[in-house]
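Under this note's numbering, think of the first position of the sequence shown as -2, with each following residue one higher.
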Amino acid sequence: MQELTVGEAARRSGVAISALHFYEKKGLISSLRTPGNQRRYARDVLRRLAVIRVAQRVGIPLEAVRRAFATLPQERTPTRAEWARMSALWREELDTRIAQLNLLRHQLTECIGCGCLSLQRCRLANPGDVLGESGDGPRAWDEVNSHE
Ligand code: FES
C-alpha cells in the first residue's frame, strides 16, 4: 500500500499541516515513521480527514469524531462495511445533535423577540437548569439537606 507524506496528505485533503499534527495529537489520525523519522500516513487518512472536515463544519466536537473513529480498526485500512458500521453507530449521536440544534433554533427564535436572557426563565441563557423548572431557589441544596 502506498503511503502519503505529510505534504501529500495536506495537499490532497486541503487540511493544513499544522492541523494534521493537531489531529494526530488528539488521536483522530495516526502515522507511521520512516527510518529517517518522517511521518507517513496510510491512504485511508484522506477519508478520516474528510469526515473530520465535514464534522467540524456542522459543529460536531472532535471528541465525538474520535469516539466514532475508535470503532474502526487502527492497524489497517477500514473496509467499506466497517465505515458503514461506524456511521450507523454514530447516527444516534448525530440525531441527538440535530435535535439539540433544532431546539436551539427554536429557542433562539423566541429569545430574539424577547431579549431578557433571564436566568430564571430563559432556557437559552440557562440551558441546563432542569431543577429551575420546579421553581426558584436552591432546590438541590434543599434536597440534600432534607436527607440529613
Ligand atoms: S431571552 Fe427571554 S426567554 Fe430567552
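Glycine included, each C-beta is placed from N, C-alpha and C at the ideal position.
Given the structure is predicted, the values throughout are model-derived calculations rather than measurements.
Here the alpha carbon of Ala16 sits roughly 14 Å from the alpha carbon of Val48.
Excluding its 5 nearest sequence neighbours in each direction, Leu46 has C-beta neighbours in its own chain below 6 Å: Ser10, Val12, listed in chain order. Our two residues, Trp80 and Arg36, have alpha carbons roughly 24 Å apart in a direct line. Annotated as proximal: Val42 and Ala6, with beta-carbon spacing under 8 Å.
Between the C-alpha atoms of Leu116 and Asn123 there is a straight-line separation of about 6 Å. Annotation: Arg120 is outside any alpha helix (DSSP H) and is labelled neither H nor E by DSSP.
If you check the C-beta of Ala122 against ligand 1, you find a heavy atom less than 7 Å away. Within the same chain, Cys119 come within 7 Å of Cys113 by CB-CB distance, once the 5 residues on both sides are set aside. Exclusion of the five residues before and after Leu25 leaves Arg45, Ile49, Leu59, Val62, Arg63, Phe66 as the residues of its chain whose Cβ lies within less than 8 Å of its Cβ.
Taken atom to atom, the span from the alpha-carbon of Thr31 to that of Thr76 is near 25 Å.
A direct Cα-Cα distance of roughly 13 Å separates Val55 from Ala96. For Tyr20, the closest C-alpha among the options Arg88, Gln53, Asn34, Gln(-1) is that of Gln53.
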